[in-house]
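Visitor: Under the numbering used here, the first residue of the sequence shown carries the number 2, and numbering increases by one thereafter.
All residues carry an ideal CB built from backbone N, CA and C; glycine is no exception.
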Amino acid sequence: MTTDIFEDFDEESQDLLRELDMQGFEAFQNSGQVGNLKNNSFEEIAYEKIYGENNSCGEYIDEWTTKIIDINELLKFIRTNRPYKKAFYFPAFLIPTLNPLSSKSPSAMMLKSFYASVSSDKTIFNYEDENRKIKRQGKLEIKLNSRACHVNLDKPGYLFKIDAAKKNLNFRIAFVYEDAMHLRNYDVTPEVENDFVLRDQFNAIIIKTDDANAFVALAEHTGSKEFVKEKIKNAFVEALKIAKTGSELKFLYENIPDFILNQLVSLLKEEKLWDHVNLLTDYDDTGTFSNFKDSSGALMNLFKAFGNSFYIIEKFSEDQAFLKRIYENLDGSSEFMGQVTSNRIIFASLISACCVYDNRLKRIDKTFYYGKGYKIDSDISWFSDEKEDEFYLKQQKIVEHTYQQPNTETDEFGVTISLGPDLEKSYSETVDQDKGRMYHPLDMVSLVDYSSGIDIPISVPIVFVKALAGEKERQDVELAIRIGFDTVAIIAGVIVMATTANPGVFALALADVVLATGDVAINTSRNEILETPGGAEFLETWEQIYVVGGIITAGPALIQSFFKAGAGLLRTANAIKNFKVANFARACITKVIFEINIANFTQNTVKEILYAEEALANTGIKFNIRAVARFQEKGVLFIKGIGHDGKVQGLAALYKGEVIAQGTAKEIRNSLKELWSAEGKALENGLDILEQTVKYENGRIGYVDGLFDGINVNHKPAGFNAIEDVESIHPIYGKGIITKFQNFTGYFYRNYDQTKKIFTFNHGFIEDLPKWVTDVRVALVKGKGIPTQAYFTLRQMKLLGITKGEIKLVKMAQIQNLETMGYIHKAMKEKGLTRLADVDILAAPSNEYMKTVMTQAGYETISGKIIKTDVTTKLSIRRLKSEGFPITKEFMKKYDLSDNSELFIDFNIEVNVKYIKR
């Protein structure tokens with residue numbers, strides 16, 4: 002064994018010592034040959050001479066050294082010599098401490114140096130956490146037998162013992178002398194020490210620790226990592242199954258490794274884990290959870306084990322007093338991400354991260370402000386009515402006041418003397434911004450953290466606001482948010498990105514952790530993503546959406562870019578079989594699908610989203626695989642939503658963020674049938690037309706430059722017979738234009754009140770008219786033109802002489818649109834509304850054509866309301882059917898109607914608009 006101490010010897014002695022492999026020095030020393038190394042031949046001191054057949058390596062002895070052991074050399078010895086037997090003698094693994102006063106000759110110093118004494122019997126072992134790549138230190142108890150002989154490095158003995166009642170962990174590995182291997186006893190307690198027992202004196206090396214993570218890291222060097230992990234997992238699981246007290250659980254969860262937490266929910270089930278939450282909470286021990294350090298600590302580790310943050314919030318929702326109780330029992334501070342942070346902040350951050358995507362929680366129209374003078378008061382010393390499931394909170398602001406103070410002094414005669422201009426003084430006072438009120442811990446509110454530099458509201462539960470209010474020092478909100486997401490990232494299983502090819506698991510994990518992707522998931526594999534073709538473009542769009550401002554601030558163009566880049570990265574990653582990057586792309590796409598409710602796939606109804614081959618497989622419908630591949634190459638995503646009950650919720654085809662087809666597999670195939678045979682540019686153009694059409698139908702096309710200006714009132718569009726524009730004056734709505742078409746029954750009637758600046762969509766029926774005006778200068782939808790209603794309404798605006806930007810109000814009169822009527826009925830029923838005026842009519846899908854017209858004219862819609870008139874009434878579905886309204890079963894189901902349901906009819910809608918195109 003080569004060590005650094007050889008450099009003190011001449012070259013010939015160094016060679017001899019290396020041949021000896023540092024074995025037999027005690028016998029060598031006793032022979033009196035120290036100092037005469039140059040004069041002795043190898044034959045005289047060879048290993049066989051010292052440990053020959055007559056010697057048999059000496060008697061087994063129970064004498065050990067535990068002092069100043071060089072762990073790196075010992076592990077190197079074990080790692081590099083497996084699976085062979087190897088000559089062993091303990092001095093080779095001791096750190097030399099040379100004393101220059103002991104001898105003038107370096108060669109005489111050598112043996113003395115091996116026996117230097119220190120007081121500690123623990124050896125520091127540096128290793129890296131396998132999951133989180135954090136550098137850690139463990140303490141090992143290492144015993145080296147004084148007997149010199151061969152050691153078997155291939156078949157060590159193990160001990161895995163956990164006694165929670167006695168607060169004891171014991172993990173041990175022992176390497177047996179080769180000539181003692183036959184003494185191993187396989188008959189006594191075969192489950193112990195790797196299926197055999199053996200007295201210590203027959204072992205050459207024994208290493209023990211109470212640190213499970215350190216023992217797993219140690220097993221890397223012994224070639225038994227997976228075996229050790231399995232044994233430790235089984236030991237912890239069995240200990241958790243039999244634990245009866247909060248004290249025992251506290252000990253176990255404080256020491257359990259993350260790799261077990263990731264599997265625990267499948268081994269013990271969520272109900273058992275929640276029982277543990279209750280036991281730990283009942284365990285009345287000050288500071289019980291105050292040792293949360295670097296993702297350890299009893300309660301925090303327990304929450305990590307659930308694997309589903311929705312379960313945690315569901316349980317806390319059922320008993321918010323229990324949540325408050327846990328919060329108030331927390332005490333002290335802990336180190337997290339290198340910073341000391343309040344345990345209450347850590348807990349509240351965890352709950353906040355779990356709440357972000359749970360739409361079942363009660364949302365309150367309340368915004369709290371923090372930083373830049375804003376503070377939150379939670380002092381209830383004067384307020385005695387706070388219930389066990391409530392927190393009292395009040396918004397306050399520190400207001401600075403200035404005043405002028407005369408700059409004077411009084412002389413000895415009592416005369417006030419001016420010393421110059423008045424002095425400006427200031428003082429501050431805390432001013433209540435509201436009266437304060439009670440909130441439940443999981444009530445969702447908005448929080449604006451002015452100190453972050455980004456004044457964007459974030460959604461948080463009240464318990465998080467309470468935690469901020471309870472701290473004397475101003476808290477780093479961004480750090481607190483990251484703490485929560487970092488913990489939830491483990492709960493939801495973000496780390497599976499590196500280890501699994503199951504897209505559903507990671508997709509839901511990432512959708513659950515939201516912003517954690519910026520801090521945890523992306524950073525973990527950024528380089529690998531960047532090295533994948535298309536990865537840089539995808540990351541750029543992802544970060545523009547979620548790091549800068551979130552999905553709410555992302556414009557349509559950015560969302561389109563994201564889906565295009567995501568589809569490309571997903572296709573490339575699958576092609577090169579990089580499942581880690583593919584899973585990341587799938588997860589991010591899934592998150593956006595959930596967030597903007599594409600195809601009505603929401604996290605409340607959909608458990609998992611499948612893609613492409615998975616989505617189209619087992620549907621009973623045959624798809625042309627080559628055609629599907631061509632669609633994918635152009636950026637189409639085929640997705641299937643799987644509900645929590647395992648049933649298919651629906652299928653959809655996405656292109657640039659729009660659902661271009663949805664329904665059953667057959668309906669998907671039929672919707673796209675005209676494009677199945679298309680290739681190259683023809684396919685791309687067809688998809689673009691389809692995407693733009695869907696956008697128009699859903700009111701998501703923005704202002705198209707030149708479209709309004711390009712409409713010529715004298716132009717006679719192809720396909721429309723002789724056009725007749727009839728002027729009229731309406732007593733209420735003002736000057737009007739009725740546009741009729743020869744040989745068609747469809748017509749459009751629009752009015753404008755010049756005095757009141759009101760534009761009215763009066764009667765209008767498309768009936769048998771062509772749906773699109775195709776020969777236009779600038780199209781709304783590429784390849785199709787401008788929708789007929791929109792084209793002729795914009796044309797009528799010009800005929801009515803309306804100056805750009807002067808319209809203030811838009812009216813739609815005597816509404817008889819079934820979709821609008823159905824929407825109003827359902828909205829009032831679901832929200833318990835009694836007045837038409839309270840319905841958010843702008844959200845009605847049937848208003849999209851009006852929004853399209855006003856958008857292309859340069860306006861945006863600000864607000865809208867329903868107006869009852871003298872002719873407004875309610876008619877039953879039965880009556881409407883009798884009068885010829887085309888009411889289908891699908892319509893009845895969509896709006897939850899029966900034949901006796903009554904719908905409002907012949908009402909007006911008023912919409913305030915603002916001109917924004919200058």
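1. In three-state terms, what does DSSP make of Ile842?
2. Using only CA atoms, which one of Lys799, Val811 and Ile739 lies nearest to Phe709?
3. Label Phe414 either buried or exposed according to how many other C-beta atoms from any shown protein chain fall within 10 Å of its C-beta, with 16 as the threshold for buried.
4. Does DSSP classify Gly802 as helix, strand or coil?
5. From the DSSP secondary-structure annotation, give me the bridge partner or partners of Gln138.
6. Count the other C-beta atoms from every protein chain shown that fall within 10 angstroms of the C-beta of Gly228, then say buried if there are 16 or more, exposed otherwise.
7. When the Cβ atoms of the stretch 154-166 are set against those of the stretch 240-254, are three or more pairs found closer than 8 Å?
8. State the CB to CB distance for the pair Asn901 and Ser864, rounded to an integer number of angstroms; the pair is presumed to be in contact (CB under 8 Å).
9. Which whole runs of the beta strand (DSSP E) in the stretch 347-433 are 3 residues long or more, in chain order?
10. So, helix, strand or coil for Glu54, using DSSP?
11. Give me, in chain order, the residues of the same chain whose beta-carbon lies closer than 7 Å to that of Glu903; leave out the 5 immediate sequence neighbours on both sides.
12. Can you look up Pro788 in the DSSP assignment and give me helix, strand or coil?
13. Start and end of the beta strand (DSSP E) containing Arg631?
14. Please state the DSSP three-state secondary structure of Ala166.
15. Taking the straight line between their C-alpha atoms, what separation do you get for Leu170 and Leu443?
16. Under the assumption that Glu698 contacts Glu849 (Cβ atoms under 8 Å), give the Cβ distance between them as a whole number of angstroms.
17. Give the straight-line distance between the Cα atoms of Leu351 and Lys809, rounded to the nearest whole angstrom.
18. Answer yes or no: do Tyr328 and Glu391 have a C-beta to C-beta separation smaller than 9 Å?
19. Between which two residues does the beta strand (DSSP E) carrying Arg438 extend?
20. Between the stretch 746-753 and the stretch 661-680, do at least 3 Cβ pairs fall closer than 8 Å?
21. Determine the extent of the alpha helix (DSSP H) in which Glu891 is found, giving its start and end residues.
22. If Arg80 sits next to His222, beta carbons under 8 Å apart, how far is it from one beta carbon to the other, in whole angstroms?
23. Do three or more CB pairs link the stretch 763-771 to the stretch 820-833 at distances below 8 Å?
24. Which residue's Cα is closest to the Cα of Phe602: Thr573, Ala654, Gly621 and Ile577?
25. Beta-carbon within less than 7 Å of Asp130's beta-carbon, same chain only, minus the 5 sequence neighbours each way: which residues are those?
26. If you draw a straight line from the alpha carbon of Ser460 to that of Val446, how long is it in whole angstroms?
27. Can you look up Val695 in the DSSP assignment and give me helix, strand or coil?
28. Thr403 and Lys426: beta carbons closer than 9 Å?
29. What's the gap between the Cα of Phe26 and the Cα of Phe304?
30. Roughly how many whole angstroms lie between the Cα atoms of Ile925 and Gln693?
31. Work out the CA separation of Gly802 and Val714 for me, nearest whole Å.
32. What residues match up with Cys150 in a beta bridge as DSSP calls it?
33. Using three-state DSSP, classify Asn318 as helix, strand or coil.
34. Which of the three DSSP states is assigned to Gly823 in this structure?
35. Report buried or exposed for Ala470, applying the criterion of at least 16 other Cβ atoms within 10 angstroms of its Cβ.
36. Could you give the distance in angstroms between the alpha-carbon of Leu611 and the alpha-carbon of Thr591?
Guide: According to the data block:
1. helix
2. Lys799
3. exposed
4. coil
5. Asn127
6. The residue you asked about is not Gly; residue 228 is Phe in the sequence shown. Exposed.
7. yes
8. The Cβ separation is near 33 Å, so there is no contact.
9. 364-371, 375-378, 392-406, 409-411, 417-419 and 424-433
10. Interpretation of Glu54 is limited by its pLDDT of 41, a score under 50 that renders its predicted location unreliable; no figure is taken from the coordinates.
11. Lys875, Leu876 and Ser877
12. strand
13. From DSSP, Arg631 is part of no beta strand (DSSP E) but of the alpha helix (DSSP H) over Ile626 to Glu634.
14. coil
15. 38 Å
16. 7 Å
17. 48 Å
18. no
19. Arg438 to Tyr440
20. no
21. Lys890 to Lys895
22. 5 Å
23. no
24. Ala654
25. Arg137 and Asn214
26. 6 Å
27. helix
28. yes
29. Note that Phe26 scores 39 on pLDDT, short of 50, meaning its location in the model is unreliable; the coordinates nonetheless yield the value given after this. Their backbone Cα atoms lie some 55 Å apart in a straight line.
30. Lying outside 2 to 919, the shown extent of the chain, residue 925 is not represented and no answer is given.
31. 11 Å
32. Phe89
33. Per the sequence presented here, residue 318 reads as Ser, with Asn not at that position. Correct three-state label for Ser318: helix.
34. helix
35. buried
36. 9 Å
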